[in-house]
Structures are given as structure tokens and as C-alpha cells.
Amino acid sequence: MTVLPAMPIGVILAISAVAAYFLGCFNGAVIVSKYILRDDVRTHGSGNAGLTNFYRTFGGPLTAVVILTDVLKAVAAVLISQWLILGGHTIYMSAVETVQLWDTIAKYWAGVFCLLGHMFPVMFKFKGGKGILSGGTIAWMIDWRVALVVWGGFLILAVATKYVSLGSCWAGVSFPFVSWFVYHNFLILVLSIICGGLILYQHRGNIKRLLNGTESKFHFHKKKE
Numbered sequence: 005m006t007v008l009p010a011m012p013i014g015v016i017l018a019i020s021a022v023a024a025y026f027l028g029c030f031n032g033a034v035i036v037s038k039y040i041l042r043d044d045v046r047t048h049g050s051g052n053a054g055l056t057n058f059y060r061t062f063g064g065p066l067t068a069v070v071i072l073t074d075v076l077k078a079v080a081a082v083l084i085s086q087w088l089i090l091g092g093h094t095i096y097m098s099a100v101e102t103v104q105l106w107d108t109i110a111k112y113w114a115g116v117f118c119l120l121g122h123m124f125p126v127m128f129k130f131k132g133g134k135g136i137l138s139g140g141t142i143a144w145m146i147d148w149r150v151a152l153v154v155w156g157g158f159l160i161l162a163v164a165t166k167y168v169s170l171g172s173c174w175a176g177v178s179f180p181f182v183s184w185f186v187y188h189n190f191l192i193l194v195l196s197i198i199c200g201g202l203i204l205y206q207h208r209g210n211i212k213r214l215l216n217g218t219e220s221k222f223h224f225h226k227k228k229e
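So for the sequence shown, the numbering used here puts the first residue at 5; every next one is plus one.
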């Protein structure tokens, strides 16, 4: 691992947070719809700048570009956070267990701020998406066990009920529980609660509609010409 000049851990965490936030701001649905299709997705459907609303509104192969953008930015945010935190502090010389712990914390730390950027992007008037695709990518990068619980429940619920939002709520609720089960670390638990809480907060309207029985079901379709 490349070792950066030693810096206080607080400075490193701050730099990592800023980097993850601005990477998160590159919202695939907004970028593709606003600058390629010239039709902002946030003016359609639910008004959300997420994959589901983009697909419902536009469909088509550009959906793959949205997916790729939101996946790659999450991957970049995590990798940069790991490089900064593990390479810029003296913890790289500590015990293997400590290095592994900080590596995991770096992933969760990036996850929090990448989600904040995705949900509240400064360059798009703080109106972004709900973070499921980016959050799910981060879950895979954290640990396959975490991803299995989060994605497994999401897919089962979304396919069985056709309510993508119900699967998304499972992801938000289950993330802290599986994080604690795997790591038993208080800091990781706090960061995972923030991530899960952000997901649930962004789905607060969906939760209300689910309870009222007015939530829209997801259907595959081809965009009408």
C-alpha cells in the first residue's frame, strides 16, 4: 500500500468525507436525463432522481448508463476512502486486526457521505435520489455477508410484491442489524444506522403510501415512442 504523508486522522476523515460526498453528487439519473435527454427526470413521476423513476419515465438502454454511473461512483468513493484512511495514518503499522477494522470503517465512512451526496447533491439543488443502487454497491464492497442479507431481502420482497420501495425499506432496516451481527463494533453500528436511516428517510413518502395501500407497483416496460 502506498503510504501518504502522515496526517491527523481527523483531517484524513474530513478529506475522505468531502471526496465521497462530491462523488455521490454525480447522480446518474439527473445527468443522463438533464444533459443527454434534455428532460430532467425530477419533473416526472415521483419527482425522484433515482433508477426506478428514470426507468418508469424513459426506459431504454440509457438506463444502463444510470446504473453504471451510480455503481462506479460508489466504488470510487470507497476505494478513495480506503486509500486515504489506511495510507495516510500510522494505523498501517498496527496489528492486522486493527488494519482490517479501519479498512471496514473506511468503507462505512465513505458510504455515509456518498449517500449524502447522492441524496442531496449540491450541484443539483440538493434534490437527488434515494440511494438504493449506490448503497447496495457499497454493501457489496463492505462484506458479502452484509450484501447477501441486504440484497437478498430486497430482491425477494421486490419480486414477490412488485413494490421496489418495500425491498428498499428492508435494505435500510436490515443494514444496521447485519452490520452489528458481522462486526460487533459500536462505530460501525453508528455509521450503519446513519446509512440505513438515510435510506428510510428518503423513502418516507413510499412508506406512507405503502401503509395507505396507494404505492405504485413496478412493471417492466418499453418506453413508448
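For every residue, glycine included, the Cβ atom is placed at its ideal position computed from N, Cα and C. The structure displayed is predicted, hence computed values, not measured ones.
Proximity to F62 [Cα-Cα], best of R42, S196 and L76 | Of the candidates R42, S196 and L76, the residue whose Cα lies closest to the Cα of F62 is R42.
Tell me whether A81 sits in a helix, a strand or coil according to DSSP, three-state version.
-> It is helical.
Could you tell me which of K221, L119 and N210 sits nearest to F30, measuring between CA atoms?
-> For F30, the nearest C-alpha among the options comes from L119.
Cβ shell of T67 (< 8 Å), same chain only, five flanking positions each side left out = Excluding sequence neighbours, T67 sits near L55, F58 and Y59.
Which residue comes first and which comes last in the alpha helix (DSSP H) that contains L193?
-> Here the alpha helix (DSSP H) through L193 covers F190 to Q206.
DSSP on R42, reduced to helix/strand/coil?
-> Secondary structure at R42: coil, using DSSP grouped into helix, strand and coil.
Of the listed residues L202, T73 and S50, nearest to A33 (C-alpha basis) | Checking every option, the nearest Cα to that of A33 belongs to T73.
Run of the alpha helix (DSSP H) containing V150, from where it starts to where it stops = That run of the alpha helix (DSSP H) goes W148 to T165.
Between the beta-carbon of M123 and the beta-carbon of G133, is there less than 8 Å?
-> With respect to G133, M123 sits close: the two C-beta atoms are nearer than 8 Å.
Where A143 falls: helix, strand or coil (DSSP) = A143 carries a helical assignment under DSSP once its states are collapsed to helix, strand and coil.
Secondary structure at H122, three-state DSSP: helix, strand or coil?
-> In the three-state reduction of the DSSP assignment, H122 falls in the helix class.
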